[in-house]
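Following numbering that gives the first Met the number 0, the numbering of the sequence shown begins with 0 at its first residue and continues without gaps. By construction, the Cβ of each residue, glycine as well, lies at the ideal position given by its N, Cα and C atoms. So the structure is just underneath, and the comments pick up after that.
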Amino acid sequence: MSSSTALLPKNKRDEHPIFLRVCHSPWTKIGQKTLVGLRGVTAIYLAVSFISIINYDVNFNNHGWSTVFEPPNIAYFMLTLYHWMATTWTFMHLHYPHHRNGTQTVATRFQRFLSPPRQHESTKNKTWFSIFYFAAVTFPHVTTLIYWTILVPQDQATIPRDKIFGHGRYTEFYVLNKYAAVSLIALTEVFVFSSIRHPTPPSAQIAGISFLSLLYIGWAYAGHEITGRYVYFFLDHKTVRPENTAGAIAAFATSANACKLTSRYSCALLMVMTVFGFNLGITALREYLAQKIEKRSSGYTSLPQ
Numbered sequence: 000m001s002s003s004t005a006l007l008p009k010n011k012r013d014e015h016p017i018f019l020r021v022c023h024s025p026w027t028k029i030g031q032k033t034l035v036g037l038r039g040v041t042a043i044y045l046a047v048s049f050i051s052i053i054n055y056d057v058n059f060n061n062h063g064w065s066t067v068f069e070p071p072n073i074a075y076f077m078l079t080l081y082h083w084m085a086t087t088w089t090f091m092h093l094h095y096p097h098h099r100n101g102t103q104t105v106a107t108r109f110q111r112f113l114s115p116p117r118q119h120e121s122t123k124n125k126t127w128f129s130i131f132y133f134a135a136v137t138f139p140h141v142t143t144l145i146y147w148t149i150l151v152p153q154d155q156a157t158i159p160r161d162k163i164f165g166h167g168r169y170t171e172f173y174v175l176n177k178y179a180a181v182s183l184i185a186l187t188e189v190f191v192f193s194s195i196r197h198p199t200p201p202s203a204q205i206a207g208i209s210f211l212s213l214l215y216i217g218w219a220y221a222g223h224e225i226t227g228r229y230v231y232f233f234l235d236h237k238t239v240r241p242e243n244t245a246g247a248i249a250a251f252a253t254s255a256n257a258c259k260l261t262s263r264y265s266c267a268l269l270m271v272m273t274v275f276g277f278n279l280g281i282t283a284l285r286e287y288l289a290q291k292i293e294k295r296s297s298g299y300t301s302l303p304q
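If you want it as structure tokens, here you go:
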């Protein structure tokens with residue numbers, strides 16, 4: 000197995016475990032060593048920027064405990080956690096691929112703990128990880144859309160639009176990272192870093208992301224009970240009429256007319272599923288382009304399982 004070639008998609012049945020697909024870029028120009036470096040830089044950047052964002056929310060925005068209930072912070076944390084997992088797995092897969100061979104020592108057990116899990120047909124670990132992966136690269140787009148299409152136009156953002164630029168580099172860093180760079184990094188993960196294929200069918204992923212979305216609704220209202228503050232103004236039943244909330248969220252959903260007839264939660268789910276569909280489309284486009292390149296290059300056609 001060469002460390003300078005990429006793991007390319009298969010035309011038929013996918014024989015590569017999803018955990019190994021995290022460790023290989025679909026592009027032949029991005030070898031294993033390069034991918035480890037790119038993932039490492041991205042993971043460190045996400046960790047540093049996440050700490051800075053939390054510090055800004057707590058000390059400058061005075062959000063206190065409501066910081067842990069805000070969807071952008073949760074989405075940022077999920078993407079950061081995913082990238083640190085992916086970086087660790089990619090590094091271990093490159094430098095310690097044979098830790099399961101030979102005598103098992105404390106060192107080899109530790110290496111196995113940090114390495115990509117094994118994928119067995121009898122276990123559901125690949126499905127759970129697939130749900131986590133698509134949630135990590137979907138929710139950043141959702142929070143970005145909510146910020147720029149609802150909160151900013153309706154002057155409900157914590158930092159008004161006229162105070163984003165020209166009021167300190169820290170403020171600009173905070174807004175651009177929390178509501179722009181995070182989506183760019185999520186898009187880069189789907190299209191450049193990872194060889195994870197689109198699920199067929201995506202029923203488990205749809206169910207999992209829908210469940211996480213509904214779970215967050217409960218988390219948001221728990222946050223209101225604890226802190227007395229709604230993380231989004233349109234979650235407040237007393238000040239916002241349901242039809243106005245539905246119309247706001249439906250502005251960037253695919254079925255706006257149908258959305259007017261449903262509750263705000265149905266609209267929110269539709270929005271999440273729309274963004275999830277966008278990620279599936281990007282994944283399919285990446286697979287198509289990578290397959291075309293495969294015909295002119297020498298990428299992987301099989302891997303040791």
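Span of the alpha helix (DSSP H) around residue i
i: Gly63; result: No alpha helix (DSSP H) contains Gly63, which DSSP labels as neither H nor E.
i: Lys32; result: 31-58
i: Arg108; result: 105-113
i: Ile216; result: 202-226
i: Ile73; result: 70-94
i: Ser182; result: 181-187
i: Tyr169; result: 168-175
i: Tyr132; result: 124-145
i: Leu19; result: 17-20
Residue from the options with nearest C-alpha to residue i
i: Thr199; options: Lys32, Ala134, Gly39, Leu279; result: Leu279
i: Tyr231; options: Gln31, Phe76, Val21, Ser65; result: Ser65
i: Ala289; options: Arg20, Val21, Phe210, Trp26; result: Trp26
i: Met272; options: Ile208, Asp235, Val67; result: Ile208
i: Ile225; options: Val67, Phe49, Phe59; result: Val67
i: Tyr55; options: Asn72, Tyr81, Ile43, Ala42; result: Asn72
i: Phe210; options: Phe131, Ile292, His23; result: Phe131
i: His140; options: Ala206, Ile216, Phe277; result: Phe277
i: Phe49; options: Ala180, Leu113, Lys237, Leu214; result: Ala180
i: Ala206; options: Val191, His82, Thr126; result: Thr126
i: Glu188; options: Phe59, Ala74, Val47, Tyr81; result: Tyr81
i: Glu286; options: Gly217, Val191, Ala221, Leu234; result: Val191
With 16 other Cβ atoms within 10 Å as the buried cut-off, status of residue i
i: Asn256; result: With a pLDDT of only 33 at Asn256, under 50, the local geometry of the prediction cannot be trusted, and no value is derived from it.
i: Gln204; result: buried
i: Gly227; result: exposed
i: Gln31; result: buried
i: Asp161; result: exposed
i: Lys177; result: buried
i: Leu34; result: buried
i: Ala252; result: Note that Ala252 scores 38 on pLDDT, short of 50, meaning its location in the model is unreliable and no value can be drawn from it.
i: His62; result: buried
i: Pro159; result: exposed
i: Leu19; result: buried
i: His23; result: buried
i: Leu45; result: buried
i: Leu150; result: buried
Whole-number beta carbon distance between residue j and residue i, since they are thought to touch under 8 Å
i: Arg38; j: Thr86; result: 4 Å
i: Met77; j: Ala156; result: Actually they do not touch by this definition, with Cβ atoms about 22 Å apart.
Beta-carbon proximity check, residue i vs residue j, cutoff 8 Å
i: Pro70; j: Thr142; result: yes
i: Ile17; j: Phe128; result: yes
i: Ile43; j: Tyr173; result: no
i: Trp318; j: Val21; result: What the structure shows of the chain is the stretch from 0 to 304, and residue 318 is not part of that stretch, so it cannot be assessed.
i: His223; j: Tyr229; result: yes
i: Ser114; j: His92; result: yes
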